[in-house]
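Peer 1: First residue of the sequence shown? That's 36 in my numbering, and the numbers climb one at a time after it. In this text, a Cβ means the ideal position worked out from N, Cα and C, and glycines have one as well. Handing you a structure now.
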Amino acid sequence: MAKGAPVSVYPPSPDGGRRVTIRGADVGTAYNLLDVLEFLHTAGLPKTDTTIDDPELIDWHSAGPDYWGPDGPENGPGDGPADGSDSAP
Numbered sequence: 036m037a038k039g040a041p042v043s044v045y046p047p048s049p050d051g052g053r054r055v056t057i058r059g060a061d062v063g064t065a066y067n068l069l070d071v072l073e074f075l076h077t078a079g080l081p082k083t084d085t086t087i088d089d090p091e092l093i094d095w096h097s098a099g100p101d102y103w104g105p106d107g108p109e110n111g112p113g114d115g116p117a118d119g120s121d122s123a124p
């Protein structure tokens, strides 16, 4: 965890959205990286490709900027159901 980072992006919720706070205030739920960048822009913070990996700016809780989904980070995008079963009929 980056101590003092003004932006926090929390773990994915069951619907895949991630709560975002800026300077301790809830600003919304991000469903993708573009949402996070828009929150940064609205708050007057930099929004470049390099800012997403800057731990002095963003504290990514549990899963990093590459993960957007309802399962834990160990079940990355496209990995299928968390139980490993095949969802096809």
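Quick check on P47: buried or exposed, where buried means 16 or more other Cβ atoms within 10 Å of its Cβ?
Peer 2: The residue is buried, with at least 16 neighbouring Cβ atoms inside 10 Å.
Peer 1: Any idea what DSSP makes of D101, helix, strand or coil?
Peer 2: Reduced to three states, the DSSP call for D101 is coil.
Peer 1: If you draw a straight line from the C-alpha of W95 to the C-alpha of D70, how long is it?
Peer 2: Rounded to whole angstroms, W95 to D70 spans 14 Å at the Cα level.
Peer 1: When you compare only the Cα positions, how much space is there between T83 and L92?
Peer 2: Looking at the two C-alpha atoms, the distance is approximately 12 Å.
Peer 1: Check this for me: beta carbons of G44 and R53, under 8 Å apart or not?
Peer 2: The sequence given here has Val at residue 44, not Gly. Against a cut-off of 8 Å, the Cβ pair of R53 and V44 comes out as a contact.
Peer 1: Go ahead and pull the three-state DSSP assignment for T56.
Peer 2: Correct three-state label for T56: strand.
Peer 1: Roughly how many angstroms lie between the CA atoms of T77 and G63, to the nearest whole one?
Peer 2: Roughly 11 Å between the two C-alpha positions.
Peer 1: DSSP has P47 in a bridge; who is on the other side?
Peer 2: Bridge partners of P47: R53.
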